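What follows is a short report on a single structure.
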Amino acid sequence: MGTLHRFLYIATSQILDDEMAARIEHHRQGRPEHWRTVERWQHLDELIHADINPNEVVLLECVTTMVTNLLFDYGGDKDPDEWDYQAMEQAINAEIQSLIAACQRCPRKGCISD
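Read in full-length UniProt numbering, the sequence shown has 38 at position 38, and its numbers run on one by one without any break.
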């Protein structure tokens, strides 16, 4: 019998309406019980740290959704014509660079994408 890996599943979707709530619940029900799930779309670097178990697989879904959430969070209730796109880009790049740096420090190496 093979080794059962531990999984850290990072889900970046937000519940913004009933349809998304149903989709997220469907995904929750479909995940194996031994997966540890964190639903979060910002400060992901805090989840991936140097003392993470090297046998734990980290699955991030999805970077596109994470960036979209960051865009709308940073823009707030302002009309998109009023957004400071340069500041927004800097903030999002900083978030991504922090995530990359955390992954580089992590003892678990490798990236799997479909």
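We treat Cβ as the ideally placed atom computed from N, Cα and C, and that holds for glycine.
On a predicted model such as this, the values are computed, not experimentally measured, just so you know.
Residue i versus residue j - alpha carbon distance
i           : j      : result
Ser113      : Tyr74  : Low local confidence applies: a pLDDT of 44 at Ser113 is under 50, so the model's placement there is unreliable, and no value is given.
Gln97       : Gly30  : 31 Å
Val58       : Pro80  : 34 Å
Tyr9        : Trp35  : 7 Å
His43       : Leu99  : 8 Å
Trp83       : Asn55  : 42 Å
Glu33       : Ser13  : 20 Å
Arg40       : Ala11  : 6 Å
Cys62       : Lys78  : 25 Å
residue 116 : Gln104 : Since the first residue of the chain shown is 1 and the last is 114, residue 116 is not available in this structure.
Phe7        : Gly76  : 33 Å
Arg28       : Thr64  : 19 Å
Glu46       : Asn53  : 14 Å
Secondary structure of residue i, DSSP reduced to three states
i      : result
Ala94  : helix
Leu70  : helix
Asp114 : Note that Asp114 has pLDDT 39, beneath the 50 cutoff, so the model's placement of it is unreliable and the number below is only indicative. Coil at Asp114, not helix or strand.
Leu16  : coil
Leu47  : coil
Ile100 : helix
Arg105 : helix
Gly30  : helix
Rounded distance between the beta-carbons of residue j and residue i, thought under 8 Å
i     : j     : result
Met88 : Leu71 : 7 Å
Opposing strand residues paired with residue i [DSSP bridges]
i     : result
Trp35 : Phe7
Val58 : Leu8
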